Every structure is written in C-alpha cells, then in structure tokens.
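So in full-length UniProt numbering, spot 63 of the sequence shown is number 63, and the numbers just go up one at a time. All C-beta atoms in this analysis are idealised placements derived from N, C-alpha and C, irrespective of residue type, glycine included. This one's a predicted model, so the numbers in the text were calculated from it and none came from an experiment.
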Amino acid sequence: MTLAYVSTVIRADIDAVWSVLGDFHGLAAWVNRIRSNEPENGAGPGAVGSVRNLTLEPDGDTARERLVRYDAADRSYSYEFAGAIPFPASSYRGTVHVLPVTDANTTFLEWYGEFDCEPDVLDEIARTFCAIYSEFISDLRAYLNG
Numbered sequence: 001m002t003l004a005y006v007s008t009v010i011r012a013d014i015d016a017v018w019s020v021l022g023d024f025h026g027l028a029a030w031v032n033r034i035r036s037n038e039p040e041n042g043a044g045p046g047a048v049g050s051v052r053n054l055t056l057e058p059d060g061d062t063a064r065e066r067l068v069r070y071d072a073a074d075r076s077y078s079y080e081f082a083g084a085i086p087f088p089a090s091s092y093r094g095t096v097h098v099l100p101v102t103d104a105n106t107t108f109l110e111w112y113g114e115f116d117c118e119p120d121v122l123d124e125i126a127r128t129f130c131a132i133y134s135e136f137i138s139d140l141r142a143y144l145n146g
C-alpha cells in the first residue's frame, strides 16, 4: 500500500480540536467542500460500522465512507470508502489522529491515507489525497478560529 501523509500543528488545545474532528458525522459543519454529511443508519459520531453519506460542493457528487476504527482515548479513527471509490484506487483507508503538544497547549494533527492503485497514477493519487487533507485542515483551522 502507498501512504499519502499530511501533518501539522493546530493552535488550539487537543480537547477543542477533537471535539470537532472526532465527530465522524460532523464534516459538513466545518469542511467547505462538503455540502452535507448524513449518517446512513443514525449512528453516533464514534460508532464503528456507521456510514456517512457525503454530498460535495460544487457539483453535488457523493461519496460513502464507513468508520472502521474509532479510539476516543487515542483520539484517532480510520475510515474506508463504502462502495465505489471515487478515485482510481483499488483500496483506501484514511486515518485521522491528534496528539497534545504539551509545552505549547497546541495539537499535533496527522491525516493520512493508505491506498492501492496502478503504478502510473500513484503519484497523482497521492498528491490528490494530500491536497484534500491539507484543504480539510485549513478549513478546520478557520472553523476553530471562529
């Protein structure tokens, strides 16, 4: 599997960051490119097996993602596409993880995806995933800063 990895430090304490990021069904509240994020089965924000139906801006494309691992104590979760993968990849697993930066009361955030694809599109897909994670992190910063 290939890894697409982005990390940063968010200038907010870990509880504030996790209260937003840890809600698997809350993306539409803070990610600009997501018009809606509906839980498929009414499950809570950390219910493993729950599926979120995403409607994307600007064209209304949709994606379904299933929560496959959620660890509130570790402040991390992993998800996979449920059904068709909207990229030329044969598998994908995304992970979000936050850690406290104790000397500055800030938060270390890593967002990464592991995926399989044909070698001729590997670099392009990795760049695409990194760009998406970076965009989501930028939106998170803006949301936390009000």
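{"Asked": "Rounded Cβ spacing between Thr-107 and Ala-12 (contact assumed at less than 8 Å)", "Found": "6 Å"}
{"Asked": "Segment limits, beta strand (DSSP E) that includes Phe-24", "Found": "Here Phe-24 belongs to no beta strand (DSSP E), and DSSP marks it neither H nor E."}
{"Asked": "Residue of Pro-39, Pro-45, Arg-35, Thr-95 minimising C-alpha distance to Asn-53", "Found": "Pro-39"}
{"Asked": "8 Å Cβ cutoff met for Asn-41 and Val-48", "Found": "no"}
{"Asked": "Cβ neighbour criterion (16 or more within 10 Å) applied to Arg-69", "Found": "exposed"}
{"Asked": "8 Å contact criterion, which Leu-21 and Asn-37 should meet: CB distance rounded", "Found": "With 8 Å as the limit, Leu-21 and Asn-37 do not qualify as a contact, their Cβ atoms being about 13 Å apart."}
{"Asked": "First and last residue of the uninterrupted alpha helix (DSSP H) at Arg-127", "Found": "122-144"}
{"Asked": "Distance between beta carbons of Glu-135 and Arg-33, contact taken as under 8 Å", "Found": "7 Å"}
{"Asked": "Straight-line gap, Tyr-133 to Val-6 (C-alpha atoms, nearest Å)", "Found": "7 Å"}
{"Asked": "Selected residue, minimal CA-CA separation from Asp-120, among Phe-129, Ala-89, Leu-109, Pro-45", "Found": "Ala-89"}
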